[in-house]
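**Student:** Numbering (our numbering), first residue to last: 81 to 544.
Built from N, CA and C at the ideal position, the CB exists for glycine as well.
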Ligand SMILES: Cc1cc2nc3c(=O)[nH]c(=O)nc-3n(C[C@H](O)[C@H](O)[C@H](O)COP(=O)(O)OP(=O)(O)OC[C@H]3O[C@@H](n4cnc5c(N)ncnc54)[C@H](O)[C@@H]3O)c2cc1C
C-alpha cells in the first residue's frame, strides 16, 4: 500500500491542474490516468483538434470568397487527409508536451483504471492487470465525460458518428445530419458545411444553443441558414433508419412528422459524466454533486471538470482543479482555514462557427429570474467600419448593464472574432466596470473592438 496526501483520478485539464497545484503546495501527490494516450479530452478529442480543423475551414472560406476583395484565387481545393494529418501532427505535439508535464517528477503518475475500495483507498488496475492500492488523505475526481447515446430507436444500429470520429475522418460526409445544436454540433456542422457537405441540424429545444439569449441564438441560426445549413428546432426525434448507404432521421416538429436524409449522422446530443467504480459520493442526474469549494458529499473527496461542472469548458475545469487542490491542502493542514469558493459570475462561453458566437456573464432570462433590473443595447457589425472593411458584416454585439448603476452584467456576440472580442468585456466585468467606464475607455480606430463603445455609450446615456 502506497500512501499519498492527494490522489487525482484523471489526468486531463482538471486533473493536471489539481495535481500540479497540490504538488507545488507540498502535498505528496499522485495522478492516476487510465487512457492509452495522455492528454485528456481537450487536447486529444476536444478543443484543439476541433479548432485545428475549423481553422482549415476558415482559411478555405477566405480563399473561396477572395473575389470580393479584388483577388483571384481560382478553384480553391482541399485535401481532407492533409487537413487531418496537420491536426494529427499538432495534437501529437500538444499531447507530448502534456505527457512531459505529467511525467516530470513533481508528482507520481500511475497508468491504469482507478476505482474506490473505500473512501480512503484507491485501487489502480494497470493495463497488464497488476493492481496497486493507494491510501489517500484527500482525493480529486477529475474523470471527465463521455458521449451520451440516448435511447432513440435505430440510432446505434445506424452506425452514427461522434465528434471523435469526425475529428479524425479523412473525408467530409456528402450529407450530414447533426443531432443536437450545442457547441460541438454547431462547430462540426460549420466545418463540414465549409467543405461542401449538405448539413441538416435537428434540435429538440426551440432554439440552438439552449440557455443562451434567444435573439443572439436566432442571429447565429440565421447566419448558418444563409450558409446553407438546414436547421430544425422544437423537434422530437422518433427514429433513425438506415438503408444501404443512406440514413434517415424521422422526427416531429409540432404535430408534423418530417424526415431528414443524409449519408452520415452525427450524434452531438450531449455527454455524460464518467464516474469511477465504487465512488462513495452523491450524484445528481449522473454528475457528481459538489459545493462551490468543489467538495463532494464526502468532505475529503473533491471533484473538478466535466464530471461535476455546470459548465463543460476547459478554463473552468482548470480553475476548479486548482481550487480543489488549494482547498484540500487547507483541509489537510487541519487549522480550520476557510475554503475558497468558485465564482461563476464571469461565466464565459464561445463557439467557433462562422460567424462565431461568444457570451459572458448573465443573460436576460437569468436576470429576469433573479429579479435584477437591467438595460440592454446592441450594435450590428454591418454598420461598423472595421467589419465592413473585413467583409464580416453578419451579427451584432449586445451589452447588458444593471439599471441605475450601469455595471456591466453580461455581453454576447454573433460575429467575426467573437471568441477574441468577448475578452474585453470579461476584463471589464472582472473589475465591475460600468457601461460609462467602457464607453470612456480609449479604443483604437479602426478596430473590431471599437464596436463595444456604441452599445456602451447607448447604455451610459440611458442610465445617466
Ligand atoms: C469536440 C469538442 C470540442 C470542445 N471544444 C472546447 C473548446 O473549444 N473550449 C472549451 O473550453 N472546451 C471545449 N470542449 C470541452 C472540453 O474539452 C472539456 O470541458 C474538458 O476537456 C474537460 O476536462 P476534464 O479534465 O474534466 O476531463 P478530461 O480531459 O476528459 O479528463 C478526464 C481523464 O480521466 C481519465 N479517466 C476517466 N476515468 C478514469 C478512471 N476510472 N481511472 C483513471 N483515469 C480515468 C480519462 O482517461 C481522461 O484522460 C470541447 C469538447 C469536445 C468534445
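Given this structure, state the Cα-to-Cα distance separating residue 350 from residue 263, to the nearest angstrom.
**Tutor:** Translated into the one-based positions of the chain shown, residue 350 becomes position 270. Translated into the one-based positions of the chain shown, residue 263 becomes position 183. Answer to the nearest angstrom: the Cα atoms are 10 Å apart.
**Student:** First and last residue of the alpha helix (DSSP H) that includes residue 153?
**Tutor:** Start at 1 with the first residue of the chain shown, and residue 153 comes out as number 73. It is not in any alpha helix (DSSP H) - residue 153 carries neither H nor E in the DSSP assignment.
**Student:** Using DSSP with H/G/I as helix, E/B as strand and the rest coil, what is residue 171?
**Tutor:** Against the chain shown, residue 171 aligns to sequence position 91. In this structure, residue 171 counts as helix in the three-state DSSP scheme.
**Student:** Out of 84, 424, 528, 120, point me to the one whose CA is closest to residue 171's CA.
**Tutor:** For the purposes of this step, residue 171 is identified with residue 91 of the chain shown, where counting begins at 1. For the residues 84, 424, 528, 120, the minimum Cα distance to residue 171 belongs to 120.
**Student:** What would DSSP say about residue 518, mapped onto helix, strand or coil?
**Tutor:** Along the chain shown, one-based indexing puts residue 518 at 438. Residue 518: helix per DSSP, three-state reduction.
**Student:** Measuring CA to CA, which of 460, 441, 353 is closest to residue 510?
**Tutor:** Translated into positions along the chain shown, residue 510 becomes position 430. Nearest C-alpha to residue 510: 441.
**Student:** Buried or exposed for residue 407, please, with buried defined as at least 16 other CB atoms from any protein chain shown within 10 angstroms of its CB.
**Tutor:** The residue you call residue 407 lines up with position 327 of the chain shown. By the 10 Å Cβ count, residue 407 comes out buried.
**Student:** Which stretch, first to last residue, makes up the alpha helix (DSSP H) that contains residue 450?
**Tutor:** The residue labelled residue 450 in the question sits at position 370 within the chain shown. Here the alpha helix (DSSP H) through residue 450 covers 444-450.
**Student:** Go through the segment 207-240 residue by residue and report every complete run of the alpha helix (DSSP H) that reaches 4 residues or more, in order.
**Tutor:** Runs of the alpha helix (DSSP H) inside the segment 207-240: none found.
**Student:** Sorry if obvious, but does the Cβ on residue 131 come closer than 7 Å to a heavy atom of ligand 1?
**Tutor:** On the chain shown, residue 131 is found 51 positions in, with the first residue counted as 1. Yes, the beta carbon of residue 131 sits closer than 7 Å to at least one heavy atom of ligand 1.
**Student:** Can you tell me where the alpha helix (DSSP H) holding residue 407 begins and where it ends?
**Tutor:** One-based indexing of the chain shown puts residue 407 at position 327. Its alpha helix (DSSP H) spans residues 394-413.
**Student:** For residue 285, which residues in the same chain have their Cβ closer than 8 Å to its Cβ, ignoring the five residues on either side in sequence?
**Tutor:** As a first step, residue 285 must be located in the chain shown, where it is residue number 205. Cβ neighbours of residue 285 beyond the five flanking positions: 261, 313, 314.
**Student:** With hydrogens ignored, establish whether the beta-carbon of residue 210 is closer than 7 Å to any heavy atom of ligand 1.
**Tutor:** As a working note, residue 210 is residue 130 in the chain shown. Flag unset: Cβ of residue 210 not near ligand 1.
**Student:** For a test of the three-state rule: what should DSSP assign to residue 472, helix, strand or coil?
**Tutor:** Position 392 of the chain shown, counted from the start, is the residue given in the question as residue 472. Three-state DSSP puts residue 472 in coil, outside helix and strand.
**Student:** Using three-state DSSP, classify residue 107 as helix, strand or coil.
**Tutor:** Start at 1 with the first residue of the chain shown, and residue 107 comes out as number 27. Coil, per DSSP.
**Student:** Exposed or buried, which one is residue 347 when buried takes at least 16 other CB atoms within 10 Å?
**Tutor:** Along the chain shown, read from residue 1 onward, the residue named residue 347 stands at position 267. Classification of residue 347: buried, given that the 10 Å Cβ count is 16 or more.
**Student:** Can you determine whether any heavy atom of ligand 1 sits closer than 7 Å to the C-beta of residue 122, and answer yes or no?
**Tutor:** Within the chain shown, residue 122 is the residue found at index 42, counting from 1. Yes, since a heavy atom of ligand 1 falls inside the 7 Å radius drawn around the Cβ of residue 122.
**Student:** Measuring alpha carbon to alpha carbon, tell me which residue in 292, 101, 271 is nearest residue 158.
**Tutor:** Translated into positions along the chain shown, residue 158 becomes position 78. The shortest Cα separation from residue 158 among 292, 101, 271 belongs to 271.
**Student:** When DSSP labels each residue in this structure, what does residue 254 get in the three-state scheme?
**Tutor:** One-based indexing of the chain shown puts residue 254 at position 174. Coil.
**Student:** Mind checking whether the beta-carbon of residue 352 lies closer than 7 Å to any heavy atom of ligand 1?
**Tutor:** For this step, residue 352 is matched to residue 272 along the chain shown. No, the beta carbon of residue 352 sits no closer than 7 Å to any heavy atom of ligand 1.
**Student:** Tell me whether residue 158 sits in a helix, a strand or coil according to DSSP, three-state version.
**Tutor:** Along the chain shown, read from residue 1 onward, the residue named residue 158 stands at position 78. It is coil, neither helix nor strand.
**Student:** By the 10 Å Cβ neighbour count, where 16 or more other Cβ atoms means buried, how is residue 427 classified, buried or exposed?
**Tutor:** Position 347 of the chain shown, counting from 1, holds the residue named residue 427. Its Cβ being crowded by 16 or more others within 10 Å, residue 427 is buried.
**Student:** Tell me whether residue 125 counts as near ligand 1, meaning its Cβ is closer than 7 Å to at least one heavy atom of that ligand.
**Tutor:** Along the chain shown, read from residue 1 onward, the residue named residue 125 stands at position 45. Correct: residue 125 has its Cβ closer than 7 Å to ligand 1.
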